[in-house]
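Numbering (this note's numbering), first residue to last: 1116 to 1350.
Heads up, the beta-carbon is just placed ideally off N, CA and C, and yes, glycines get one too.
Notes follow the structure.
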């Protein structure tokens, strides 16, 4: 069955429709990826230290916090936020991709045997009552459940990406050196694909496409390669 999983992964990669983008209106996939790439490059240029800290933390992106607000500057989203809204994982993936591109000459590690397992945030459980103990409406509970399931999916993809990066570090690094949405990226992702089957949890379905997979691998590689450096994260 494992070869079948790998072939299915390649088929999904070839399709390339971004699942992480919640479209505000119909948009071409290339536009969506361009918008996300612009965001990552822009925000890393403006807030590189905070972006690096956020990606390395393994925590969910909280855009309500003081630092989180600095990672959603309108200058990096202007005229592009109307194309699509992105979830936390997509934004972190874009930041990680830009951080790797900025430091690729210093982030050279491709073997991570000596790097401890990465840590990940866990989503808040679904609440059935409010702060006063009153029952929440079925609609509010369902909304929480959708958010919870989305976060669980993000964590599952992140853990899968860590496994793939540990298994195929050379191929992952080579993929991150290719332009997003390019033929070179697709070829590089297909070289990574055989490692996916061994990193998919038994009995669990993990949805991904070229954009979400590249983002998750960028986060995993940046975290692992930074940890592999004697001085920590590349600046």
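Going by beta carbon distance, what residues of the same chain come within less than 6 Å of residue i, once the five residues before and after it are set aside?
{"i": "residue 1190", "result": "none"}
{"i": "residue 1303", "result": "1289, 1290, 1293"}
{"i": "residue 1263", "result": "1238, 1241"}
If we ignore side chains and look at the alpha-carbon of each, how far apart do residue i and residue j end up?
{"i": "residue 1364", "j": "residue 1240", "result": "Any answer about residue 1364 is impossible in this case: the structure gives the chain only from 1116 up to 1350."}
{"i": "residue 1310", "j": "residue 1165", "result": "31 Å"}
{"i": "residue 1251", "j": "residue 1206", "result": "30 Å"}
{"i": "residue 1342", "j": "residue 1249", "result": "46 Å"}
{"i": "residue 1236", "j": "residue 1146", "result": "30 Å"}
{"i": "residue 1270", "j": "residue 1202", "result": "13 Å"}
{"i": "residue 1301", "j": "residue 1332", "result": "14 Å"}
{"i": "residue 1204", "j": "residue 1259", "result": "18 Å"}
{"i": "residue 1179", "j": "residue 1185", "result": "10 Å"}
{"i": "residue 1182", "j": "residue 1159", "result": "13 Å"}
{"i": "residue 1323", "j": "residue 1346", "result": "33 Å"}
With a 10 Å radius around its C-beta and 16 neighbouring C-beta atoms as the bar for buried, classify residue i as buried or exposed.
{"i": "residue 1327", "result": "buried"}
{"i": "residue 1176", "result": "buried"}
{"i": "residue 1286", "result": "buried"}
{"i": "residue 1330", "result": "buried"}
{"i": "residue 1298", "result": "exposed"}
{"i": "residue 1155", "result": "buried"}
{"i": "residue 1267", "result": "exposed"}
{"i": "residue 1318", "result": "exposed"}
Skipping 5 residues on each side, what residues in its chain have a beta carbon closer than 8 Å to that of residue i?
{"i": "residue 1170", "result": "1207, 1210, 1211, 1214, 1334, 1337, 1338"}
By DSSP's criteria, residue i is part of a beta bridge. Which residues make up the other side?
{"i": "residue 1153", "result": "Residue 1153 is not bridged to any residue."}
{"i": "residue 1227", "result": "Per DSSP, none; premise fails for residue 1227."}
{"i": "residue 1323", "result": "None, per the DSSP bridge assignment."}
{"i": "residue 1244", "result": "1250"}
Can you list, in chain order, the residues of its chain whose CB lies under 7 Å from that of residue i, leaving out five sequence neighbours each side?
{"i": "residue 1340", "result": "1222, 1224"}
{"i": "residue 1226", "result": "1284"}
Margin query: Across the segment 1239-1254 and the segment 1276-1291, are there enough close Cβ pairs to call them in contact, namely three or more that are closer than 8 Å?
Written below: Per the Cβ contact rule, the segment 1239-1254 is not in contact with the segment 1276-1291 (fewer than 3 Cβ pairs under 8 Å).
Check: Between the segment 1270-1278 and the segment 1303-1318, are three or more C-beta pairs nearer than 8 Å?
Finding: yes
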